[in-house]
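For the sequence shown, full-length UniProt numbering gives the first residue as 1, with consecutive numbering after it.
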Amino acid sequence: MPSITFHTSGKTIEVEKDANLLRTSIRYEGAVPFKCGGGLCGTCRVQIVDGQENLSKVMKKEIDRLGNDKIGQGFRLACQTFVTGDVTVSWGEEDVERLNKIAQRRINAAQ
Numbered sequence: 001m002p003s004i005t006f007h008t009s010g011k012t013i014e015v016e017k018d019a020n021l022l023r024t025s026i027r028y029e030g031a032v033p034f035k036c037g038g039g040l041c042g043t044c045r046v047q048i049v050d051g052q053e054n055l056s057k058v059m060k061k062e063i064d065r066l067g068n069d070k071i072g073q074g075f076r077l078a079c080q081t082f083v084t085g086d087v088t089v090s091w092g093e094e095d096v097e098r099l100n101k102i103a104q105r106r107i108n109a110a111q
């Protein structure tokens, strides 16, 4: 079974292959920040510390929200990412407030 290590919150969870990173975080209190869960807001942005090769391919929504530079630096949207092997993810606590404000503006604009 693959494992996900949530570096920032200090949790490691064993998951089924092809488990969604955000849903796993929600279910097992991994603490990845999020607002929408649908690739719209970008608040679930995480950096892959280890195991990039054990993830699903990058989705168009990720490219649209993050850009190729951030993806090249190992960033992914947890809501769009599925795990096929062991991974370690991290996110900056300092980003959470800023990302929440951006997400709220995007959600309001979409309504």
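Ideal placement from N, C-alpha and C gives every residue a C-beta, glycine not left out.
When rounded, the separation of the alpha-carbon atoms in Thr5 and Ala109 is 34 Å. The beta carbons of Val58 and Ile48 sit no closer together than 8 Å. Judged by DSSP secondary structure, Lys11 falls within the beta strand (DSSP E) whose first and last residues are Lys11 to Glu14.
When secondary structure is reduced to three states using DSSP, Thr24 falls in the helix class. In the structure shown, Ala31 falls within a coil segment according to DSSP collapsed to helix, strand and coil. Using a Cβ distance threshold of 8 Å, Val83 and Asn54 count as a contacting pair. Of all alpha-carbon atoms in Gln52, Asp64, Gly42 and Lys17, the one lying nearest the alpha-carbon of Cys79 is that of Gly42.
Restricting attention to Ile13, Arg105 and Asp86, the CA atom closest to the CA of Ser56 is found in Asp86.
Non-local C-beta neighbours of Trp91 in its own chain, meaning closer than 8 Å and more than five positions away in sequence, comprise Thr8, Val32, Pro33, Arg45, Val46 and Gln47, ordered along the chain. The alpha-carbon separation between Gly67 and Lys61 amounts to approximately 10 Å. Secondary structure note for Asp50: it is in no alpha helix (DSSP H), and the uninterrupted beta strand (DSSP E) holding it is Arg45 to Asp50.
Contact annotation, Lys17 with Gly30: C-beta distance approximately 17 Å; criterion of less than 8 Å not satisfied.
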